[in-house]
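These protein sequences, in sequence, are chains A and B.
The first sequence begins at 1 in full-length UniProt numbering and counts up one residue at a time.
The second sequence begins at 1 in full-length UniProt numbering and counts up one residue at a time.
For every residue, glycine included, the Cβ atom is placed at its ideal position computed from N, Cα and C.
Heads up, the thing below is written out as structure tokens.
There are 2 protein chains.
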Amino acid sequence: MIDPASGVPVYRQLADVLRARIVAGEWLPGARLPSETRLVQEYGIGRTTVRRAIAALRSAGVIEVVHGWGMRVPLPREVERVRGESGSVVSVRMPTPLERATWALADGVPMVVVTGPDGLAEAFPGDRTEIDIP
Amino acid sequence: MIDPASGVPVYRQLADVLRARIVAGEWLPGARLPSETRLVQEYGIGRTTVRRAIAALRSAGVIEVVHGWGMRVPLPREVERVRGESGSVVSVRMPTPLERATWALADGVPMVVVTGPDGLAEAFPGDRTEIDIP
DNA sequence: CGGTATTTGTACGTATGTATG
DNA sequence: GCATACATACGTACAAATACC
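Here's what the structure looks like:
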């Protein structure tokens, strides 16, 4: 299933395989994925390589990791609707460290920024906010 | 400047320091940052640790890396304004591998998604798209 | 309460490959 | 061809969080 000689990096192949298995519904949100050690054995690759694949999926927001417990697909979040005022502009970016700490943001969660006609901008956590266009 | 005994991981300390230096304008967009080897020497830490800090800044969209050349602060992009139709909802997420390939997205670039009243959704690259609310 | 096993986190080193100039 | 710089992948050791007994 994973071919070290294919030209595609092994960690990327593993990340793709795991993402496909997740999309296929093999692990529902909240269910624990195989441990690092298990993946090392199952695919016959080094732990460093397994962790690179995991890091990629984390920063893509596909999985979340709990220290000492394991990995899982994130549970869906309750979203807050924010009314986008007329004349505003909506943009997107990744959070600053301060924003990440303020809202306890997981990896791979962007911010959504609403800039009003007056130039004042307000940023919201992207995993629990949607902007309504009235 | 970096204290291995502070309790804060070394790679995170380095990432914070580099981010602060970037925000302070020490390296303008397009200018090359110090090489990995230079950072290893300058801060007296391992290359693995330096690369972890770099990976964090990449997935945060703070820097971009060119293989064989070095690291730099990304240049500003020309943004396309998309008109948000009335009744639409704007949300945010990280791109899929297909979307990353389609638009040649760098690390740490989110997608902005506009879902119409009919339920049809359209996704745009977040580093070159803004949604206008008329 | 303590001890143990499991699991992820941090940090280092080494070797080799690939892209740029 | 050569030097520089980033990319991949393996290994080791120890620390820290969690869960269970």
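So, with DSSP's three-state summary, where would you put B/T129?
strand
So if I threshold CB-CB distances at 9 Å, which residues from the segment 76 to 97 of chain A count as touching chain B?
V79, R81, G84, E85, S86, G87, S88, V89, V90, S91, V92, R93, M94, P95, T96 and P97
Over what stretch of residues does the beta strand (DSSP E) that includes B/E80 continue unbroken?
E80 to R83
How should A/D118 be labelled, buried or exposed, when 16 other C-beta atoms within 10 angstroms of its C-beta is the threshold for buried?
exposed
Once you ignore the five residues that flank B/A56 on each side, which residues in its own chain have a CB closer than 6 Å to its CB?
A15
For chain B, find out if any of its Cβ atoms is closer than 8 Å to the Cβ of A/I131; answer yes or no.
yes
Among A/I63, A/I131 and A/V66, which residue has its Cα nearest to the Cα of A/V89?
A/I131
Run down chain B in chain order and give the residues with a C-beta less than 8 Å from the C-beta of A/V40.
Residues of chain B passing the Cβ test: none, with the nearest at roughly 18 Å.
Counting C-beta neighbours from all protein chains within 10 Å, is the total for A/R32 16 or more, i.e. buried, or is it exposed?
exposed
Under 7 Å Cβ-Cβ, which residues of chain B neighbour A/A60?
Residues of chain B passing the Cβ test: M94.
Cβ closer than 8 Å: which chain B residues qualify as neighbours of A/D16?
P97
Entirely within the segment 13 to 101 of chain B and at least 3 residues each: give me those beta strand (DSSP E) ranges in chain order.
64 to 66, 70 to 72, 80 to 83 and 89 to 93
If B/G116 sits next to B/G87, beta carbons under 8 Å apart, how far is it from one beta carbon to the other, in whole angstroms?
7 Å
To the nearest angstrom, report how far apart A/A106 and A/D3 are at their CA atoms.
When the Cα atoms are used, A/A106 and A/D3 turn out to be separated by approximately 31 Å.
Going by alpha carbons, who is nearest to A/V23 out of A/R72, A/A101, A/V66 and A/E122?
Considering only alpha carbons, the answer is A/R72.
Under 6 Å Cβ to Cβ from B/A53, same chain only, skipping five residues before and after it: list those, please.
Y11, L14 and A15
B/A121: which of B/I133, B/G84, B/P134 and B/D127 sits nearest, CA to CA?
Ranking B/I133, B/G84, B/P134 and B/D127 by Cα distance to B/A121 puts B/G84 first.
Look up A/M1 in the DSSP assignment and give the residues it is bridged to.
None; A/M1 has no bridge partner.
Helix, strand or coil: how does DSSP classify B/V109 here?
coil
Taking the alpha-carbon of A/R19 as reference, which of A/T48, A/V8 and A/R58 has the nearest alpha-carbon?
A/R58
Does any residue of chain A bring its CB to less than 8 Å from the CB of B/V112?
Cβ-Cβ to chain A under 8 Å: yes for B/V112.
Which residues in chain B sit within 9 Å of A/P134, going by Cβ to Cβ distance?
Below the 9 Å Cβ cutoff, chain B contributes S86, G87 and I133 as neighbours of A/P134, in chain order.
Would you please state the rounded distance, in angstroms, between the beta carbons of B/P76 and B/P9? I believe it to be under 8 Å.
31 Å between Cβ atoms; not a contact.
Assign A/V8 to one of three DSSP states: helix, strand, or coil.
coil
Pull up the DSSP beta-bridge partners for B/A123, would you.
B/V113
Note down the Cα distance separating A/A104 from A/L98, rounded to an integer number of angstroms.
10 Å
Against B/G46, what residues of chain A qualify as contacts under a CB-to-CB distance less than 8 Å, listed in chain order?
Within chain A, no residue has its beta carbon less than 8 Å from that of B/G46; the closest one is some 13 Å off.
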